[in-house]
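Asker: Sending over a structure as structure tokens; questions will come in a sec.
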Amino acid sequence: MKYTVQSSKYILKNFLYIFPFAIIPAFCFSLATDKEALRCAMETIFSGRLKELHFEHLFRAVSVLNFASWKAVVFGLIGIVVIIVCTALLLALLEKHMRFGKRTFNGVFSKLNDNLVSTCSYAFLLLALYEFWCLITSALLFSVMQIPVVPIAYVLGGLVFIGMHIVLISIIGAVYLWLPCMQITGFKALEAFHYSYHLMSPIKGGILIGQLLFLFVAEALICLCAVFSSSYVVFMALTTAFYAVLMMVFCVRMQVAYFDRDNIERADLKTYYR
Numbered sequence: 000m001k002y003t004v005q006s007s008k009y010i011l012k013n014f015l016y017i018f019p020f021a022i023i024p025a026f027c028f029s030l031a032t033d034k035e036a037l038r039c040a041m042e043t044i045f046s047g048r049l050k051e052l053h054f055e056h057l058f059r060a061v062s063v064l065n066f067a068s069w070k071a072v073v074f075g076l077i078g079i080v081v082i083i084v085c086t087a088l089l090l091a092l093l094e095k096h097m098r099f100g101k102r103t104f105n106g107v108f109s110k111l112n113d114n115l116v117s118t119c120s121y122a123f124l125l126l127a128l129y130e131f132w133c134l135i136t137s138a139l140l141f142s143v144m145q146i147p148v149v150p151i152a153y154v155l156g157g158l159v160f161i162g163m164h165i166v167l168i169s170i171i172g173a174v175y176l177w178l179p180c181m182q183i184t185g186f187k188a189l190e191a192f193h194y195s196y197h198l199m200s201p202i203k204g205g206i207l208i209g210q211l212l213f214l215f216v217a218e219a220l221i222c223l224c225a226v227f228s229s230s231y232v233v234f235m236a237l238t239t240a241f242y243a244v245l246m247m248v249f250c251v252r253m254q255v256a257y258f259d260r261d262n263i264e265r266a267d268l269k270t271y272y273r
């Protein structure tokens, strides 16, 4: 949890510098989020009408490319492209600030060419893993909800929900430090993976718990917005804010953890750079 705390402090202190890189992809993903599928899934589950729950609603509620409409597909694809570019720029800014103590945008955009290929590969890997996870999780939840004994269905559904989240976070944890390792060390992909996995192993449990709790909170807030916000504009604004926070925490914590595990001195923590 220490990296989550350190990352939160860093974000609050440097919010105006990193927020612009998160708000644009967050807005695109907010437009791609299927509010109606989320609302239908939540109302069906909490009303006890489990057998009325459709696989389509479950999948559309969690998938980035949910194919609910042309708008969801278009903004989902735009969001993927934008988040790759913004993440590459954000990581360049974070590396410059933490390594040299300079919190300026000079040289950040020229670093885009160096970071873009590795960020693109990393993003598509996570996207493929996440979409496959969405498919499996939706299918498992749909199957469990067909159990005629409602209390048993609720218990098993809860276990599947929590268990699949643990699986997702564990898989992401295995490659969590891979991207900053490739960008900072210049290692090739396989070398960077082995080295980053070695760095991640001793702290994997703590980071995974922090990520899991943070993800549960974000999902709960997004579901509450889908159910209780009568205005689509309000839903879009709130989900944009949630997605932006998720992106900032994910990227900043990644850099904070890598600098700590690789014993790289952080110049941004020096008094003369504050």
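In terms of numbering that gives the first Met the number 0, the sequence shown opens at residue 0 and continues consecutively.
The beta carbon of each residue, even a glycine, is placed where N, CA and C say it ideally should be.
Contact check, Ile-161 vs Leu-155 under 8 Å by CB: the rounded distance?
Answerer: Here residue 161 corresponds to residue number 162 of the sequence shown, with the count starting at 1. Here residue 155 corresponds to residue number 156 of the sequence shown, with the count starting at 1. In fact, because the Cβ distance is near 11 Å, the residues do not count as touching under 8 Å.
Asker: With DSSP as the reference, label Lys-95 as helix, strand or coil.
Answerer: Residue mapping note: residue 95 aligns to position 96 of the sequence shown, counting from 1. Looking at Lys-95 - three-state DSSP - the assignment turns out to be helix.
Asker: Rounded to whole angstroms, what's the CA-CA distance from Pro-171 to Ser-228? Just pull it up for me.
Answerer: In the sequence shown, residue 171 corresponds to position 172, counting from 1. In the sequence shown, residue 228 corresponds to position 229, counting from 1. Contrary to the premise, residue 171 reads as Ile rather than Pro in this sequence. For Ile-171 and Ser-228, the distance between alpha carbons rounds to 31 Å.
Asker: With a threshold of 8 Å between beta-carbons, can Leu-211 be considered close to chain C, or not?
Answerer: Structure shown: chain C not included; a single protein chain is present.
Asker: Could you check whether the segment 86-104 touches the segment 59-76, counting it as contact only if at least three pairs of C-beta atoms, one from each stretch, sit closer than 8 Å?
Answerer: no
Asker: Using the three-state DSSP reduction, which class does Tyr-194 fall into: helix, strand or coil?
Answerer: If you number the sequence shown from 1, residue 194 lands on position 195. Note: Tyr-194 maps to helix in three-state DSSP.
Asker: Contact check, Tyr-274 vs Val-251 under 8 Å by CB: the rounded distance?
Answerer: Beyond the ends of the chain as shown, which are 0 and 273, falls residue 274; an answer cannot be given.
Asker: Using a Cβ-Cβ cutoff of less than 6 Å, which residues in the same chain neighbour Met-181 once the five nearest sequence positions on both sides are dropped?
Answerer: What you label residue 181 is simply residue 182 of the sequence shown in a count that begins at 1. In chain order, Ser-117 and Ala-191 place their CB closer than 6 Å to the CB of Met-181, counting only its own chain and leaving out the 5 sequence neighbours on each side.
Asker: Enumerate in chain order the residues of its own chain whose CB-to-CB distance from Tyr-272 is below 6 Å, with the five nearest sequence positions on each side excluded.
Answerer: Within the sequence shown, numbered from 1, the residue matching residue 272 stands at position 273. Any reading at Tyr-272 must be qualified, since the residue scores a pLDDT of 46, below 50, and its modelled position is unreliable; the value itself is stated next. Hits under 6 Å: Gly-100 and Ala-266.
Asker: For my contact list, Lys-34 and Tyr-231 are in at a C-beta cut-off of 8 Å; report their separation, rounded to the angstrom.
Answerer: Residue numbering aside, residue 34 sits at position 35 when the sequence shown is read from its first letter. Residue numbering aside, residue 231 sits at position 232 when the sequence shown is read from its first letter. Rounded, the Cβ-Cβ distance is 7 Å, consistent with contact.
Asker: Taking its Cβ as the centre, do 16 or more other Cβ atoms sit within 10 Å of His-197, making it buried, or is it exposed?
Answerer: Your numbering for residue 197 matches position 198 in the sequence shown. Per the 10 Å Cβ criterion, exposed.
Asker: With DSSP run on the structure shown, which of helix, strand or coil describes Lys-101?
Answerer: Taking the first residue of the sequence shown as 1, we reach residue 101 at position 102. Coil.
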